[in-house]
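Report on the structure given below.
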Amino acid sequence: MALAYDPRRPPLVLLVPALAAGAGMLVPLGYLVTRALEGTGASAAELILRARTLELLGNTLALVACVLALSTLIALPLALLVTRTDVAPRRAISILCVLPLAIPGYVMAYALIGLSGYYGFLNAAFGVTLPRLQGLFGATLALSLYVFPYIFLNLRSALLGMDPSLVEAARSLGRSPWRTFRDVTLPHLMPALLSGWLVVGLYVIGDFGAVALMRYEVFSYAIYNQYAGAFDRVYAAWLSLILVALTVSILLAEGLLARRRRYARTGTGVARAAGAFRLGRWRPLAYAFLGLVFAASIGLPLAVILYWMSFGGEAIDWSRIAAAAARTAATAAPAAALATLLALPVALLSARFSSRPIWFLERLAYFGYAVPPLPFALAMVFFALSTLPALYQTLPLLVLAYGLSFLALAVGPARAALLQAGGRMEEAARSLGRSGAAAFVAVTLPTISRSLVAGFLLVFILVVKELPIAALLAPTGWTTLSMNVFSRTVEGQLFEAAPYALITVLFSSLFVGLILSHEGRRR
Amino acid sequence: MFKRPLLLIGLAAVPALFAGAASAQDLTIYSGRGESFVAPVIEMFEKESGKDVEVRYGGTAELATLLKEEGANTPADLFWAQDGGALGATADLFEALPAELSAGENPQFKNADNKWVGTSARARVLVYSTERAPKDQLPDSVLKLTDPAWKGKVGWAPANGSFQAFVTALRVKEGEEAAKAWVDGMVANGAKTYPNNVALVQAIADGEIDVALVNNYYLNRFLQRDSKFPVAMTFFKNGDIGNLLNVAGVGVLKTSDAKETAQDFAEFLLTPAVQQYFTSAGNEYPVIEGVIPNPSLASVADIKAAAPEVPLDQLSDLEGTLNLLRSANLL
């Protein structure tokens, strides 16, 4: 049967927006390069080639390694408990495992900081003055406690999708449960683990709020210090480029590692759900672990925020907080809409018109996501000031930056849904006389709408939590919730920061809840 | 809500279209001073003048750099910096203010060409732990903090604008080599780096350090909330560079399309009522006569006696200071 469209000639209506998105990613980065090259060669080399740069690189990599290790140690047992044992209530535990996503890193850092010190929660409650958590340890804790859900989600779906007969075969051949786990289950989890590590690793490299509050000097913190404290931007541009190179090489490395492995059932038998392991006398230990994880990742931030809320002083000015929340929503909604609308043509192109340039276009979307937010925002500042000064410090530029930065998150689900939907139904509609566009709207769009909404919600929630892009690009006076939490915590005003932190957490848990219920209906 | 997703998603984009309408303010200020301190003053001005003011908050050096980079495209009408050095470094962007605006002001606190005026004065001080650093054992000069007795006990904030102004003054007064020797000596002595002054004062109370170099007004904010807060402050010996007297001040940008309102604002900051607020609530020093002194501060005569002789207009070489701090891997 002839296809209703020519797979080699993508229509302009799709190409133009997709190309615009791709250019939107690359052009600002070009300005970053121009800016970096502005410095005189000698002084630039002097700035870059010094022990400090190496130290920043070492710190950044150490932080990534520590966060990956700790968050895997949290996520792997959680995923095994939820998928392989008779732990109950399973659904509630799964939701609690994902909920920490609603707590931004700077709020987690805020909570850990608010715990210790002269005025800290611990001193007030138990008379213990702990030194302030900081450095590698503090940053690892703050980041791991809220990024582990990314790894948990990946591991859970891999475990649910795994054929239990593999494990049964190994066991029947005499392997112990531990060796079975090590030799059979663990290798099968590697692809899921790798993609989870990629997301978390990129996130850790890009994070700015938690490391700044924990005073751990990694690349993004140094870039911000250079931006905020120095009189020239050349060094900041150079550090940004080094950081971009780092994330791109991680992206490539993951691509290589993932390509060499293949784990799929080759037979045509029926994959069954795995039998549940009875916890028996391990039950108290399992619940103790769950309790510890949830207390640290959800209970602690809420308790510390509420403690600081109750802490003496002035009345809370709710009207200011409501205004900040409204500004945050008015940024996040159009940004998520833009990301979703741009994702549609990119996903359509990549699902239906396979060619090298189009593959490259789709990769560009992921590249935009991998570029750490601080360099991306810096590039946007350089770009806007030199090319489009009218856009500089306007909401449209902020929305554009977010839309491009988070485009990949909306492309992923849309593309998957398009591949699942296939093109047959749409072809049938066209053969019955509908035009191409009308057939798409009438047939395909309704079937992928859920995925579009899921992408929209995901981008929305990430924009609500986002800090560095807002800090550099927000119009004067347009302070979002995250900027308020951060600026007050940096100034040691933990009490003043508390209501903003609380609203941020409530706001984003609402949307995490929406996504979860959305997921639930799909099952 | 999942039936018509595109319609909803499209509707979500609507607020962006109205963004332009919201930005019609009468005066845009770039403030290197913190929001908690500045916001009440802005509100007073808005009420009194009926004008609508927007403020962009950031570090003083960050905003000075931004102003240079934005050039003619800057939305800013007025720059409120927390350091005379940064004002000096951006003075070429400023329109001269009418001389009568700051007629009552001590010439020590303003630019000779009226490019900028100081709006409040502050002194560098040494804060110390009342538990671990008895007053009689404190050094009489900031230069003695490199002494082994203070190893690992001193905190500083190299990214802070006021600290950088102090280092510039050190370079001006004692020479480049002495300044470099001091910075390197502090690093070798294990001086601990903190992001800002508040964190330094807090760190003393938390037991992380014993003494720190800060501006005079931070400690009082803690003491006003909690009189038992275990930190106190003192000057070094009279004339020591560690007692540098600096100002926070404002300049009106040449490129502004609201110069008159900006000047009105500068004038407003120099009225007795606002100067009283600066000293009573902000714990800074007034720059005009006839303000009731803050009882918890040393007198204006005392800080003038303690301060070294360094004209603020000479503190504009921030670049040299930043290079010095970078060479010590502090930035």
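These protein sequences, in sequence, are chains E and L.
690 is the number of the first residue of the first sequence in the working numbering; add one for each residue after it.
50 is the number of the first residue of the second sequence in the working numbering; add one for each residue after it.
Just so you know, even glycine gets a beta-carbon here, dropped at the ideal spot from N, CA and C.
Residues bridged to residue i (per DSSP)
| i | result |
| --- | --- |
| M282(L) | V176(L) |
| W205(L) | T242(L) |
| F1071(E) | None; F1071(E) has no bridge partner. |
| S169(L) | A297(L) |
| A261(L) | V176(L), G204(L) |
| F128(L) | Y79(L), G300(L) |
| E144(L) | V301(L) |
| F966(E) | T774(E) |
| Y334(L) | A170(L) |
Residue i at chain L interface by Cβ criterion, 8 Å
| i | result |
| --- | --- |
| V760(E) | As written in the sequence, residue 760(E) is Ser, which differs from the Val given in the question. Taking Cβ atoms only, chain L never reaches closer than 8 Å to S760(E), which makes this a no. |
| V1179(E) | yes |
| T1165(E) | yes |
| A1011(E) | no |
| A1187(E) | no |
| L1038(E) | no |
| Q1109(E) | no |
| N914(E) | yes |
| G918(E) | yes |
| Y1081(E) | yes |
| T818(E) | yes |
| L1074(E) | yes |
| P1157(E) | no |
Min CB distance residue i to chain E below 8 Å
| i | result |
| --- | --- |
| G256(L) | yes |
| E180(L) | no |
| A208(L) | yes |
| A230(L) | no |
| N378(L) | yes |
| G45(L) | Here chain L covers residues 50 to 380 and nothing more, so residue 45(L) does not appear. |
| G201(L) | no |
| V104(L) | yes |
| F51(L) | With a pLDDT of 47 at F51(L), under the threshold of 50, the predicted position of this residue should be treated as unreliable, though the coordinate-derived value follows. Yes, its Cβ sits closer than 8 Å to a Cβ of chain E. |
| E119(L) | yes |
| E84(L) | yes |
| T304(L) | no |
| E111(L) | yes |
| A70(L) | Confidence in A70(L) is poor, its pLDDT being 43 and thus under 50, which makes the residue's placement too unreliable to answer from. |
| A248(L) | yes |
| T217(L) | no |
| T320(L) | no |
| N122(L) | yes |
Pairwise C-alpha distance: residue j and residue i
| i | j | result |
| --- | --- | --- |
| L940(E) | L750(E) | 15 Å |
| A70(L) | L1084(E) | Low local confidence applies: a pLDDT of 43 at A70(L) is under 50, so the model's placement there is unreliable, and no value is given. |
| L767(E) | F841(E) | 7 Å |
| Q1182(E) | S1008(E) | 19 Å |
| G288(L) | A828(E) | 42 Å |
| Q157(L) | T77(L) | 28 Å |
| A261(L) | D362(L) | 26 Å |
| K200(L) | W231(L) | 14 Å |
| L1108(E) | P1164(E) | 40 Å |
| Y996(E) | T1178(E) | 15 Å |
| V776(E) | R972(E) | 8 Å |
| E223(L) | V359(L) | 11 Å |
C-beta atoms of residue i and residue j nearer than 8 Å
| i | j | result |
| --- | --- | --- |
| L825(E) | L882(E) | no |
| F1145(E) | A1021(E) | no |
| Y839(E) | V888(E) | yes |
| M903(E) | A814(E) | no |
| L715(E) | L1038(E) | no |
| P1064(E) | I912(E) | yes |
| L364(L) | P207(L) | no |
| V301(L) | K308(L) | yes |
| A1128(E) | A1118(E) | yes |
| Q74(L) | E119(L) | no |
Cβ-Cβ separation, residue j to residue i (assumed contact under 8 Å), whole Å
| i | j | result |
| --- | --- | --- |
| I352(L) | L294(L) | 6 Å |
| A135(L) | L367(L) | 7 Å |
| I1193(E) | S1176(E) | The amino acid occupying residue 1193(E) in the given sequence is Thr; Ile does not appear at that position. That belief does not hold up - the Cβ atoms of T1193(E) and S1176(E) are roughly 13 Å apart, past 8 Å. |
| L935(E) | I994(E) | Their Cβ separation, rounded to whole angstroms, is 33 Å, which puts L935(E) and I994(E) out of contact at 8 Å. |
| Y1058(E) | A1097(E) | 4 Å |
Residue-chain proximity (residue i, chain C), Cβ-Cβ < 8 Å
| i | result |
| --- | --- |
| Y807(E) | In the displayed structure, chain C is absent; the protein chains listed are E and L. |
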